[in-house]
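Worksheet for the structure shown next.
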Amino acid sequence: MIEIQLVDKKFQLFIPNARILDKIDELAQQINRAYSGQQLEILVLLDGAKMFADTILPRLKFNYNAHYQQVKSYQGMHSGGAIQFDREFLNQFKGKNLLILEDIVDTGNTLKHLSTVLMAQNLEQLAIATLLYKPRQMKHSIPLNFIGFEIGPEFVVGFGMDYNECGRELKDIYHLKSQ
C-alpha cells in the first residue's frame, strides 16, 4: 500500500488517479446530458475544487461561464470554522442557471450557507456537483445532483483537498492512515 507523510500525519492511497479520471468522465457525461443546449454559469469553490474543475470543464460540451470563488470552512482536519466568501460576487448569478463544483461535501455547512445566499438571488436553477460525498457526516438536507464517489468519514487529501495547506497538488486521493 502506498503511503505518504504530510506534516505530522501519514496517509494511504485511497483512490488512484485513473479511477478519479474515469469518474470525472462519467460526471461530465451526466452534466452534458442535463445541460445540453443550455447556457450555464459554473461556480468553482476554491481552493479545493480547482483541480476537479480543471479536469471536468474541458469535458463539458455546452456553453458555460466559469467563475471562481474562494470559500473557506476547514481548519486543520475539521470542517466547521466560520464560512467565509464574498457575498457581492454572488450577485451576478441573479436569475441564472448555476452549477456549483465542489471537491468534497462533508457536513454540508458550506453548501447550506452558500445555497441559502444564492437562492435569495432568485436563481433559475441551482445544481451541485461534487467529486466526493460523505453521506454519514451530512448535517443538512441539500440536494446533490452529481456525485462522484460516496466515501466514509475518513479524512482525505489530494486532488485539490489538503491537510493544513499540504497535499492539495497530489494526483491521487489518500486517506488518513489508522493508527
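At the far end of the sequence shown sits residue 242, using the working numbering, and the numbering has no gaps.
Note that the Cβ used here is the ideal one computed from N, Cα and C, for glycine as well.
This structure is a prediction, so every number in the text was calculated from the model and none was measured.
Where residue 170 sits in the DSSP three-state scheme: Within the sequence shown, residue 170 is the residue found at index 107, counting from 1. The answer is coil: DSSP assigns residue 170 none of H, G, I, E or B.
heavy atom of the ligand ATP below 8 angstroms from residue 86 C-beta: Because no ligand of any kind appears in the structure shown, any question about the ligand ATP cannot be addressed here.
Backbone secondary structure at residue 119 - three-state DSSP: Position 56 of the sequence shown, counting from 1, holds the residue named residue 119. DSSP places residue 119 in helix when its eight states are reduced to three.
Delimiting residues of the beta strand (DSSP E) encompassing residue 129: Counting from 1 along the sequence shown, the entry for residue 129 is found at position 66. 126–133 is the extent of the beta strand (DSSP E) around residue 129.
CA nearest to the CA of residue 185, picked from 158, 64, 192: Looking up residue 185 in the sequence shown gives position 122. Checking every option, the nearest Cα to that of residue 185 belongs to 158.
Exposed unless 16 or more other CB atoms sit within 10 angstroms - verdict on residue 119: Your numbering for residue 119 matches position 56 in the sequence shown. Residue 119 comes out buried.
Simplified DSSP assignment, three categories, for residue 180: For the purposes of this step, residue 180 is taken as the residue at position 117 of the sequence shown. Three-state DSSP puts residue 180 in a helix.
Runs of alpha helix (DSSP H) lying entirely within the segment 72–123, each at least 4 residues, in chain order: 80–98, 113–119
Contacts around residue 225, its chain only, beta-carbon distance under 7 angstroms, and the 5 residues preceding and following it disregarded: Position 162 of the sequence shown, counting from 1, holds the residue named residue 225. Here the set comprises 231.
Rounded straight-line distance, which links the Cα of residue 90 to that of residue 169: Counting from one through the sequence shown, the residue named residue 169 turns up at place 106. Counting from one through the sequence shown, the residue named residue 90 turns up at place 27. Whole-angstrom Cα-Cα distance: 19 angstroms.
With 16 other Cβ atoms within 10 Å as the buried cut-off, status of residue 182: Taking the first residue of the sequence shown as 1, we reach residue 182 at position 119. Under this definition residue 182 is an exposed residue.
Residue from 164, 110, 81 with nearest C-alpha to residue 227: Taking the sequence shown and counting its residues from 1, the one referred to as residue 227 is at position 164. Ranking the options by Cα distance to residue 227, first place goes to 110.
Identified DSSP bridge partners for residue 160: On the sequence shown, residue 160 is found 97 positions in, with the first residue counted as 1. 188, per the DSSP bridge assignment.
Separation of residue 229 from residue 64, as counted between CA atoms: For the purposes of this step, residue 64 is taken as residue 1 along the sequence shown, with counting starting at 1. For the purposes of this step, residue 229 is taken as residue 166 along the sequence shown, with counting starting at 1. Rounded to the nearest angstrom, the two C-alpha atoms are 21 angstroms apart.
Option in 165, 187, 167, 67 with minimal Cα separation from residue 156: Along the sequence shown, read from residue 1 onward, the residue named residue 156 stands at position 93. Of 165, 187, 167, 67, the residue nearest in Cα terms is 187.
Residue of 167, 175, 174, 209 minimising C-alpha distance to residue 196: Locating residue 196 in the sequence shown gives position 133, where the first residue counts as 1. Among 167, 175, 174, 209, the Cα nearest to that of residue 196 belongs to 167.
Pair within 9 angstroms by beta-carbon distance, residue 80 and residue 103: Numbered from its first residue, the sequence shown carries residue 80 at position 17. Numbered from its first residue, the sequence shown carries residue 103 at position 40. Their beta carbons are not under 9 angstroms apart, which means residue 80 does not touch residue 103 by this criterion.
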